[in-house]
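Peer 1: In this note's numbering, the protein residues as written are 5 to 227. Below you'll find the structure I mean.
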Amino acid sequence: MKKRPPDAAEVLEGPADFDIMETLRRASPVLLVVGLWLAFHPYDGIVHDSRLYVAQAMRALHPVIFDKDFFFAFGSQDDYTLLSKVFAPLVGILGPTVATMAGVALSHVLWLSGAAALALRLAPDRKSAVIGLAIVAGMPAFYGGWFIFSLGEGFFTSRLLAEGFALWALWALTGQRLTLAAGLAVLCTLSHPLVGLTVLAVCFAFLVLRDRRWIALGIAGTV
Numbered sequence: 005m006k007k008r009p010p011d012a013a014e015v016l017e018g019p020a021d022f023d024i025m026e027t028l029r030r031a032s033p034v035l036l037v038v039g040l041w042l043a044f045h046p047y048d049g050i051v052h053d054s055r056l057y058v059a060q061a062m063r064a065l066h067p068v069i070f071d072k073d074f075f076f077a078f079g080s081q082d083d084y085t086l087l088s089k090v091f092a093p094l095v096g097i098l099g100p101t102v103a104t105m106a107g108v109a110l111s112h113v114l115w116l117s118g119a120a121a122l123a124l125r126l127a128p129d130r131k132s133a134v135i136g137l138a139i140v141a142g143m144p145a146f147y148g149g150w151f152i153f154s155l156g157e158g159f160f161t162s163r164l165l166a167e168g169f170a171l172w173a174l175w176a177l178t179g180q181r182l183t184l185a186a187g188l189a190v191l192c193t194l195s196h197p198l199v200g201l202t203v204l205a206v207c208f209a210f211l212v213l214r215d216r217r218w219i220a221l222g223i224a225g226t227v
């Protein structure tokens with residue numbers, strides 16, 4: 005026996021088993037964490053160190069003009085990161101304002117997704133992971149004495165991008181995916197050497213705690 009085709013009213017109503025409240029309930033942890041992040045880590049514009057990275061991108065685009073600037077005369081922090089090689093073409097296409105906004109958005113997605121992946125792996129259960137993520141997302145970007153420390157900033161720098169790579173590197177490490185962890189740690193270091201060295205130190209300590217033979221390998225690597 006053939007089934008009766010749905011009439012227009014049934015088509016407009018959609019699937020009978022769809023429950024919007026159940027969907028919202030399931031999505032509420034994600035909405036909570038993302039909402040807290042957007043509230044406490046808004047886009048700040050081209051401010052603070054972001055001005056330096058925009059200037060470095062402009063120098064890469066217009067070296068004849070900017071090489072004469074005193075800031076670049078004797079080298080700059082651009083010598084220690086590959087960010088300008090990627091960021092400069094984006095600035096050339098989109099302009100500094102839109103390129104910076106895109107950089108912050110991409111870095112924040114990388115940062116928060118890495119934190120979520122790491123929390124879900126390390127927490128004893130999903131509820132604990134969500135609580136931990138909510139606390140992290142609700143922390144102000146700047147903290148500590150004189151607010152000298154920061155995380156997940158609202159302006160674009162190589163540090164912000166490196167933090168995202170760092171979180172994903174730790175996720176790969178805790179899952180024993182050492183090749184992936186090494187690759188992400190290298191990307192982190194190429195973005196910001198200081199953040200990268202910190203990640204490498206944490207990775208090395210993690211490996212040593214599980215197998216002391218890594219100490220000998222570490223010593224051999226420094227000789």
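In this text, a Cβ means the ideal position worked out from N, Cα and C, and glycines have one as well.
CB-CB under 6 Å to S154, same chain, minus the five flanking residues each way: which ones, in chain order?
Peer 2: Once the five neighbours on either side are set aside, the close Cβ partners of S154 are A145 and F146.
Peer 1: For S195 versus T104, is the C-beta distance shorter than 8 Å?
Peer 2: Against a cut-off of 8 Å, the Cβ pair of T104 and S195 comes out as no contact.
Peer 1: Is S132 helix, strand or coil when you go by DSSP?
Peer 2: Helix, per DSSP.
Peer 1: When you compare the CB positions of A176 and A170, do they come within less than 8 Å of one another, or not?
Peer 2: Going by C-beta atoms, A176 is not nearer than 8 Å to A170.
Peer 1: Assign Y57 to one of three DSSP states: helix, strand, or coil.
Peer 2: Correct three-state label for Y57: helix.
Peer 1: With the cut-off set at 8 Å, would you say A109 and V37 are in Cβ contact?
Peer 2: Going by C-beta atoms, A109 is not nearer than 8 Å to V37.
Peer 1: What first and last residue would you give for the alpha helix (DSSP H) that runs through I50?
Peer 2: It is not in any alpha helix (DSSP H) - I50 carries neither H nor E in the DSSP assignment.
Peer 1: Report the CB separation of M78 from Y57 in whole angstroms; it is logged as a contact under 8 Å.
Peer 2: Correcting the residue type first, residue 78 is Phe in the shown sequence and not Met. The Cβ separation is near 18 Å, so there is no contact.
Peer 1: Under the assumption that C192 contacts A173 (Cβ atoms under 8 Å), give the Cβ distance between them as a whole number of angstroms.
Peer 2: Right, the Cβ-Cβ distance comes to about 6 Å (below 8 Å), so this counts as a contact.
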